[in-house]
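K.L.:
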Amino acid sequence: MHWGWEVLRAIVGTVIIFSGVAVIAAMFGVLLERKISAWMQSRLGPKHVGPQGLLQTVADTIKLLQKENIVPSRADRLIFASAVVIVPLAALLDYVVIPFGTTRWGPLIFRDLNIGVLYFAATSSLVVIGILMAGWGSNNKYALLGGLRSAAQLVTYEVPIGVVLVTVALMAGSLSTVTIVNGQAGAHHLWYVLQQPVAFVIFLIAATAEVNRVPFDLVEAESELVAGYFSEYSGMRFALFQLGEYGEMFAMAAMAVTLFLGGWLGFSFLPAVLWFVIKLYAVIFVFMWVRWTYPRFRIDQMLNFSWKVLIPVSVLNLVVTAFFVIVR
Amino acid sequence: MLGLTHYLVVAALLFALGLFAVVTRRNSVTILMGVELMLNAANINLVAFNKYAAPAAMQGQVFALIVITLAACEAAVGLALVLAAYRTLETVYVDEINIMKW
Amino acid sequence: MTGEAIVFYLLAAVTLGSGVMVVTSSNIVHAAAALVPAFLGVTGLYILLNAEFVAGIQVLIYAGAITVLILFAIMLTEGGTGLGTRQRNEQAAVGTAVAAAMAALLIAVAVRTGWAPPPAGAVLPSYTPGAIGQSFLRQNILVFEGTSIVLLVSLMGAILIARRED
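Protein chains in written order, with my numbering: chain A, 1 to 328; chain B, 1 to 102; chain C, 1 to 166.
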């Protein structure tokens with residue numbers, strides 16, 4: 001095939017992924033968060049804009065688009081601007097290896113890399129650079145502190161995610177996401193959540209910490225550090241940071257569905273893509289439920305928890321899994 | 001038509017850039033950045049030779065992985081040394097770290 | 001010009017351009033930020049060389065961890081505030097000459113040697129992660145175990161050296 005077709009496919013795929021994530025993850029996700037939090041707090045959420053408040057995020061985005069783009073006077077302009085590009089880019093790159101379903105011609109995935117979960121871990125680790133640059137480029141003590149703390153937290157919680165990804169890949173025999181989903185299919189295979197419950201819990205906890213959500217959101221809580229590393233960003237740049245954060249959350253939830261909950265597998269009365277979407281929103285609901293239930297940890301409690309609890313437990317889980325995979 | 005020589009030339013230029021950083025710069029963290037560039041150049045060489053000269057084995061890629069791991073170790077220890085030196089000597093510039101007698 | 005050649009020249013330009021910015025920028029945070037496109041360019045070169053596993057590890061470790069480590073070291077030492085001081089020492093002329101001579105020597109050797117083409121009929125094995133893992137546990141097990149010991153020792157060493165003495 002001529003390489004021009006590959007470039008065209010890449011461009012079309014990029015546009016679809018970007019608009020899909022921007023609409024479904026960022027816009028709909030923010031609205032879902034407000035509605036779910038309202039339901040849990042016995043109040044109504046946004047109701048006025050559009051039917052049942054569905055166009056609220058559209059209104060918010062239009063508001064953000066027309067705000068002035070303020071750059072602090074002594075900030076490093078190059079670094080201030082490039083941080084805005086890196087964080088959403090890393091979040092959007094995660095979607096390349098997630099299989100959304102299956103069609104007549106094969107799995108509905110942008111590119112089934114044979115290093116699938118390694119690629120996912122690698123692009124999740126690119127977010128840290130964007131956060132450090134945002135914290136530094138703002139020329140603001142609190143932003144710098146928030147950026148350093150957030151970078152330390154993200155780097156710490158990448159290790160349990162990596163070990164859990166290796167554990168699931170060990171059970172499936174491959175790093176490719178499609179092979180992992182197919183390893184949960186069939187009459188004699190269970191979903192990995194039933195075979196590896198500890199790994200599932202560790203993945204959910206570490207994923208919550210990776211996207212800076214409560215109970216791990218000390219670095220961007222309003223009462224702590226104003227908005228942490230993105231305090232000085234306004235207008236569309238703030239919207240892009242939110243896109244990056246919600247996009248990363250949806251990518252982590254999609255990976256949890258792929259690795260543990262069987263991806264697109266399900267009874268055949270619904271199409272495969274719909275099963276994937278149902279499971280994805282179930283995991284998103286769990287993330288949001290946890291957010292509005294728990295208080296937040298201090299930074300030293302957060303880091304201690306990862307180093308002293310999550311990493312030993314996940315490594316022990318990996319050793320036990322390896323033992324059973326070899327013995328069976 | 002790409003050949004082995006193209007990759008070797010790119011690796012040679014990257015190595016020369018890293019060498020320039022190590023010899024010329026004053027800040028010790030920049031010197032460590034130059035060392036990382038040199039290690040990357042060596043890795044490109046290893047993987048290029050793996051593809052073009054000995055494709056049946058995968059020794060080149062295995063060695064490239066080992067070099068990446070050792071580069072990470074060396075960067076960690078090197079930057080720990082820089083932090084410890086900064087705490088004691090209050091400077092990171094290598095031409096000011098001169099506590100020998102002559 | 002095949003697609004592969006276009007991508008190669010693009011990646012080489014990105015890598016070498018950001019490499020130049022790393023070694024000549026007078027703002028050290030700009031230099032550290034320019035390391036990221038350099039490493040990502042090298043990742044692209046690995047993918048062109050059919051080394052996808054090495055490319056994934058390169059992004060994960062170099063662009064994801066070593067760059068963060070360097071940025072932390074810059075922000076915890078005075079590198080960020082001393083932006084006005086000169087960054088190049090007095091050996092600039094000698095350094096340029098040495099680097100240029102080294103580059104010329106390596107390029108001359110690379111271009112003039114007649115590299116033997118790979119044996120005809122050799123089919124490229126698929127460099128899957130499984131095959132690399134097998135080779136780590138069969139032929140290369142010694143270097144694998146040695147590297148894990150080096151990792152343990154450097155982890156302990158880095159913690160001990162950088163610890164605050166109280």
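All C-beta atoms, glycine included, are put in the ideal place defined by N, C-alpha and C.
In this text the structure is predicted, and so the values were computed from the model without any measurement.
1) Any idea what DSSP makes of A:P107, helix, strand or coil?
2) Between C:A33 and chain B, is any beta-carbon pair separated by less than 8 Å?
3) Please state if the CB of C:T43 and the CB of B:V92 are separated by a distance shorter than 8 Å.
4) Rounded to whole angstroms, what is the Cα-Cα separation between C:I70 and C:A32?
5) My assumption, with CB atoms under 8 Å, is that A:A81 sits in contact with C:G56. Please give the rounded CB distance.
6) Once the 5 residues before and after A:Q56 are set aside, which same chain residues still bring their CB inside 6 Å of it?
7) What does A:A121 touch in chain C if you count any residue whose Cβ is under 7 Å from its own?
8) Output needed in chain order: residues of the segment 28-55 of chain B with a Cβ under 8 Å from some Cβ in chain C.
9) If you compare alpha carbons, which of A:L89, A:F120, A:V198 is closest to A:V15?
10) Pull up the CB-CB distance for A:M288 and A:E33, whole angstroms please, since I reckon it's below 8 Å.
11) Taking A:R149 as part of the alpha helix (DSSP H), name the residues at either end of that continuous run.
12) Which runs of the alpha helix (DSSP H) at least 4 residues long sit entirely within the segment 22-65 of chain C? Give them in chain order.
13) State yes or no: is the C-beta of A:G247 within less than 8 Å of the C-beta of A:V21?
14) Taking beta-carbon pairs under 8 Å, can you tell me which members of the segment 60-77 of chain C lie near chain A?
15) Would A:S19 be called buried (16 or more neighbouring beta carbons within 10 Å of its own) or exposed?
16) Taking the beta carbon of C:T2 as the centre, do at least 16 other beta carbons fall within 10 Å, making it buried, or is it exposed?
17) With distances taken Cα to Cα, identify the nearest neighbour of B:L17 among C:S26, C:V54, C:A103.
18) With C:I132 and B:V62 assumed to form a contact (beta carbons below 8 Å), what rounded beta-carbon distance in angstroms separates them?
19) Could you say which of A:R237, A:M236, A:S174, A:N140 lies nearest to A:S73 if we only look at CA atoms?
20) Check the Cβ of C:V29 against every Cβ in chain A and list those closer than 9 Å, keeping chain order.
21) For chain C, is any of its Cβ atoms less than 8 Å away from the one on B:M100?
22) Taking C-beta pairs closer than 8 Å, name the residues in chain C that B:I68 reaches, listed in chain order.
23) B:N27 bridges to which residues according to DSSP?
24) Quick check on A:T375: does DSSP put it in helix, strand or coil?
P.N.:
On the basis of the data shown:
1) On the first sequence, position 107 is the one that residue 107 of chain A refers to. In the structure shown, A:P107 sits in a strand (DSSP, three-state: E or B).
2) In the third sequence, counting from the first residue as 1, residue 33 of chain C sits at position 33. No, because no Cβ of chain B sits closer than 8 Å to the Cβ of C:A33.
3) Within the second sequence, the letter at position 92 stands for residue 92 of chain B. Within the third sequence, the letter at position 43 stands for residue 43 of chain C. Not in contact: B:V92 and C:T43 (Cβ atoms no closer than 8 Å).
4) Within the third sequence, numbered from 1, the residue matching residue 70 of chain C stands at position 70. Within the third sequence, numbered from 1, the residue matching residue 32 of chain C stands at position 32. C:I70 and C:A32 have their alpha carbons spaced roughly 7 Å apart.
5) In the first sequence, counting from the first residue as 1, residue 81 of chain A sits at position 81. In the third sequence, counting from the first residue as 1, residue 56 of chain C sits at position 56. Not quite, the Cβ-Cβ distance comes to about 28 Å (not below 8 Å), so this is no contact.
6) Indexing the first sequence from 1 puts residue 56 of chain A at position 56. In chain order, L31, P46, V49 place their CB closer than 6 Å to the CB of A:Q56, counting only its own chain and leaving out the 5 sequence neighbours on each side.
7) Counting from one through the first sequence, the residue named residue 121 of chain A turns up at place 121. What A:A121 touches in chain C: L60.
8) Those would be V29, T30, L32, M33, G34, E36, L37, N40, N43, I44, V47, A48, N50, K51, Y52, A53, A54, P55, in chain order.
9) Mapped onto the first sequence, residue 15 of chain A falls at position 15. In terms of Cα proximity to A:V15, the closest of A:L89, A:F120, A:V198 is A:L89.
10) Taking the first residue of the first sequence as position 1, residue 288 of chain A is located at position 288. Taking the first residue of the first sequence as position 1, residue 33 of chain A is located at position 33. Your pair A:M288 and A:E33 checks out as a contact, with CB atoms roughly 6 Å apart and the cut at 8 Å.
11) Translated into positions along the first sequence, residue 149 of chain A becomes position 149. Per DSSP, A:R149 belongs to the alpha helix (DSSP H) from 141-172.
12) Within the segment 22-65 of chain C, complete alpha helix (DSSP H) segments of at least 4 residues are found at 28-48, 52-58, given in chain order.
13) What you label residue 247 of chain A is simply residue 247 of the first sequence in a count that begins at 1. What you label residue 21 of chain A is simply residue 21 of the first sequence in a count that begins at 1. In contact: A:G247 and A:V21 (Cβ atoms closer than 8 Å).
14) Cβ proximity to chain A below 8 Å picks out L60, A63, G64, A65, T67, V68, L71, F72, M75 from the segment 60-77 of chain C.
15) Position 19 of the first sequence holds residue 19 of chain A. Taking all protein chains shown into account, A:S19 has fewer than 16 neighbouring C-beta atoms within 10 Å of its C-beta and is therefore exposed.
16) As a first step, residue 2 of chain C is located in the third sequence; it is residue number 2 there, counting from the start. Residue environment: C:T2 is assigned as exposed (fewer than 16 neighbouring CB atoms within 10 Å of its CB, all protein chains considered).
17) Looking up residue 17 of chain B in the second sequence gives position 17. Nearest C-alpha to B:L17 among C:S26, C:V54, C:A103: C:A103.
18) The count along the third sequence starts at 1 and reaches residue 132 of chain C at position 132. The count along the second sequence starts at 1 and reaches residue 62 of chain B at position 62. Sure, about 7 Å apart at Cβ, within 8 Å.
19) Reading the first sequence from its first residue, position 73 is the one you call residue 73 of chain A. Considering only alpha carbons, the answer is A:N140.
20) Counted from its first residue, the third sequence places residue 29 of chain C at position 29. Those within 9 Å of C:V29 in chain A are D76, I79, M133, W136, G137.
21) By 1-based counting over the second sequence, the position of residue 100 of chain B is 100. The beta carbon of B:M100 sits no closer than 8 Å to any beta carbon of chain C.
22) Your numbering for residue 68 of chain B matches position 68 in the second sequence. Contacts between B:I68 and chain C, judged by CB atoms closer than 8 Å, involve V54, I57, Q58, I61, Y62 in chain order.
23) For the purposes of this step, residue 27 of chain B is taken as residue 27 along the second sequence, with counting starting at 1. B:N27 is bridged by DSSP to B:Y93.
24) Only positions 1 to 328 of chain A appear in this structure, which leaves residue 375 of chain A out of reach.
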